[in-house]
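Asks: Dropping the structure in here first, questions after.
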Amino acid sequence: MKALVVNRTLKKSPETSNTEAPANVVVEQLRKDGVDVDVLRAVDLDIAPGSDQRTGGRR
34 MKALVVNRTL KKSPETSNTE APANVVVEQL RKDGVDVDVL RAVDLDIAPG SDQRTGGRR
């Protein structure tokens, strides 16, 4: 099984994030249960705001 934990902090890596501590609790438990876990900070990615009706072929 795999899991992706998305940290939605406003602080970019490697700055300390308050949301990191509770996320790490979840990550540790999942790993103890044998889950392959990846963690990312959304703020470190280039995610455009908003949406576009044409995305995905929908109209």
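Numbered per the numbering used here, the sequence shown spans residues 34 to 92.
No residue lacks a Cβ here, since even glycine has one placed at the ideal position from N, Cα and C.
Quick caveat, the model's predicted, so the values are computed rather than measured.
Can you give the Cα-Cα distance for Asp71 and Lys35, rounded to whole angstroms?
Replies: 8 Å
Asks: Since Asn51 is in the beta strand (DSSP E), which residue starts that stretch and which ends it?
Replies: First-last for Asn51: undefined, no H or E at that position.
Asks: Would you list the residues sitting across from Leu63 in a DSSP beta bridge?
Replies: Bridge partners of Leu63: none, in fact.
Asks: What first and last residue would you give for the beta strand (DSSP E) that runs through Arg74?
Replies: Asp69 to Arg74
Asks: State the beta-bridge partners of Leu37 as determined by DSSP.
Replies: Asp71
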